[in-house]
Amino acid sequence: KISGADGKPGADGKADEFIYKRTATAGDLDRPDTPTSEQVDDYVPTDLGWTDNPRGVTTTYQGEWVSTRSKKDGKWGPFSQPALWSKWGANG
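The C-terminal residue of the sequence shown carries number 92 in UniProt numbering, and the numbering is unbroken.
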């Protein structure tokens, strides 16, 4: 049995948040810098190209990265080092 507070479909949980950023290629050298965290719910550093939801890879944006953060004792922790979420496949 799973327990915990009920949430709204598609909404971030109260203790974990995910943000996403696309890059032209998907190699380790293309990994975006770890974004700074703010003590604001639903914080997304859009000025640095991050979004609240994944947008998908394309021929132009061949890598999409995810960074997460968690809230503990009412305070947001730092965002994680970005990890590759999705990678363009030229041959399917």
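Glycine is no exception: its CB is placed at the ideal position from the N, C-alpha and C atoms.
Keep in mind the model is a prediction, meaning the values are calculated, not measured.
Stretch pair the stretch 36 to 43 + the stretch 53 to 65: three plus CB contacts closer than 8 Å | no
Own chain residues within Cβ distance below 6 Å of Asp-52, not counting five before or after | Walking along the sequence shown from the start, residue 52 turns up at place 52. Closer than 6 Å at Cβ, skipping near neighbours: Val-44.
Cβ atoms of Ser-67 and Thr-34: under 8 Å apart, would you say?
-> For the purposes of this step, residue 34 is taken as the residue at position 34 of the sequence shown. For the purposes of this step, residue 67 is taken as the residue at position 67 of the sequence shown. Taking 8 Å as the Cβ cut-off, Thr-34 and Ser-67 qualify as a contacting pair.
Whose CA, out of Leu-84, Ala-15, Ala-83 and Lys-21, lies closest to the CA of Asp-47?
-> What you label residue 47 is simply residue 47 of the sequence shown in a count that begins at 1. When only C-alpha atoms are compared, the closest one is Lys-21.
Looking at C-alpha atoms only, which residue of Asn-91, Ser-80 and Ala-90 is the closest neighbour of Arg-31?
-> Residue 31 sits at position 31 when you count from the first residue of the sequence shown. For Arg-31, the nearest C-alpha among the options comes from Ser-80.
Whole angstroms is fine: what's the gap from Thr-36's alpha carbon to Asp-16's?
-> Numbered from 1 along the sequence shown, position 36 holds the residue referred to as residue 36. Numbered from 1 along the sequence shown, position 16 holds the residue referred to as residue 16. Whole-angstrom Cα-Cα distance: 15 Å.
By DSSP, does Thr-58 sit in helix, in strand, or in coil?
-> Position 58 of the sequence shown, counting from 1, holds the residue named residue 58. Three-state DSSP puts Thr-58 in coil, outside helix and strand.
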